[in-house]
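Residue numbers (the UniProt record's numbering): 1 to 191.
By construction, the Cβ of each residue, glycine as well, lies at the ideal position given by its N, Cα and C atoms.
Take a look at the structure set out below.
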C-alpha cells in the first residue's frame with residue numbers, strides 16, 4: 001500500500017537541503033563536461049600575435065585561431081575553419097559539391113557552426129580561458145576544435161607545452177550528425 005502524496009508528505013522530501021544537493025550534483029556534472037585544457041591560466045602570456053591550429057576532424061577540416069595578447073591578456077581573437085581542400089567553411093558549408101542545399105536540416109546545422117566561430121572568438125576574448133568558453137548547441141565539433149587551437153595558441157604565448165590540446169576529443173562529422181552518408185558529398189573521405 002502506498003501513501004498518497006499530499007502537500008504535507010511532499011514537504012518532507014523537498015527541502016532547501018535537497019535543492020542544495022541537486023545544485024551541487026548539477027555543478028559537478030557540468031564541470032565534468034567542460035574540457036580540461038591542461039593550461040595554468042595564472043601563468044603570464046607574452047604580448048604578441050599567436051596563431052595555432054586544431055587537429056583535423058574526420059573530414060580533414062582544421063580550425064585556425066589567432067589571438068592577440070596585450071598587457072598579458074587576450075585582447076582579440078579570430079577563428080576560422082578550412083575544409084580538407086583548403087576552402088573556408090562559410091556560406092557554402094553544408095551544401096553539396098554542386099552548390100545545392102540537398103539537406104535543409106544539415107545546412108542549417110552547418111551554418112550554425114559557422115556562425116559559432118565569431119561567438120567563440122568573442123567569448124575567449126572576454127573570459128581569457130578556453131575552458132570557460134561555453135559550447136553552443138549545434139556547434140560541438142567547432143567548439144572542440146576551437147578549444148584545441150586556443151590551448152595551443154595560449155601555450156605558445158605562455159612559452160609552455162600545449163599538453164592538454166591532444167586530450168580534446170574532436171568528434172567527427174558523422175558522429176555529430178548521425179548521418180554516415182554525408183562524407184563523400186561534403187568533401188570528406190568515403191571510409
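Reduced DSSP secondary structure (H/G/I, E/B, other) of residue i
i, result
"residue 21", "Residue placement at residue 21 is poorly supported in this model, since its pLDDT is 47, which falls under 50; the coordinates still yield a value, given next. Here residue 21 sits in helix by DSSP."
"residue 69", "strand"
"residue 94", "coil"
"residue 129", "coil"
"residue 137", "coil"
"residue 74", "strand"
"residue 59", "coil"
"residue 161", "coil"
"residue 102", "coil"
"residue 39", "coil"
"residue 168", "coil"
"residue 32", "Only weak support exists for where residue 32 lies, its pLDDT of 40 falling under 50; the value from the coordinates is given anyway. Reduced to three states, the DSSP call for residue 32 is helix."
Alpha carbon of residue i to alpha carbon of residue j, nearest angstrom
i, j, result
"residue 134", "residue 82", "22 angstroms"
"residue 45", "residue 108", "37 angstroms"
"residue 66", "residue 59", "22 angstroms"
"residue 148", "residue 128", "14 angstroms"
"residue 112", "residue 162", "28 angstroms"
"residue 130", "residue 110", "22 angstroms"
"residue 40", "residue 99", "44 angstroms"
"residue 43", "residue 69", "13 angstroms"
"residue 143", "residue 57", "12 angstroms"
"residue 55", "residue 145", "7 angstroms"
"residue 126", "residue 38", "20 angstroms"
"residue 122", "residue 132", "12 angstroms"
"residue 63", "residue 151", "12 angstroms"
"residue 61", "residue 153", "18 angstroms"
Residue(s) in a DSSP beta bridge with residue i
i, result
"residue 192", "It is not possible to answer for residue 192, since the shown part of the chain is limited to 1 through 191."
"residue 48", "69"
"residue 88", "82"
"residue 53", "64"
Just checking, does the stretch 73-87 make contact with the stretch 110-125 on the three C-beta pairs under 8 angstroms criterion?
Cβ pair count under 8 angstroms is three or more, so yes.
Does the stretch 65-75 come within contact of the stretch 103-113, defined as at least 3 CB pairs closer than 8 angstroms?
Contact check between the stretch 65-75 and the stretch 103-113: fewer than three CB pairs, one atom from each, fall below 8 angstroms, which does not count as touching.
Could you tell me whether the stretch 146-160 touches the stretch 49-58, where touching means 3 or more Cβ pairs closer than 8 angstroms?
Yes, the stretch 146-160 touches the stretch 49-58.
Does the stretch 81-96 come within contact of the stretch 160-168, defined as at least 3 CB pairs closer than 8 angstroms?
No: the two stretches stay apart, fewer than three of their Cβ pairs being nearer than 8 angstroms.
Could you check whether the stretch 126-144 touches the stretch 92-100, counting it as contact only if at least three pairs of C-beta atoms, one from each stretch, sit closer than 8 angstroms?
No, they do not touch.
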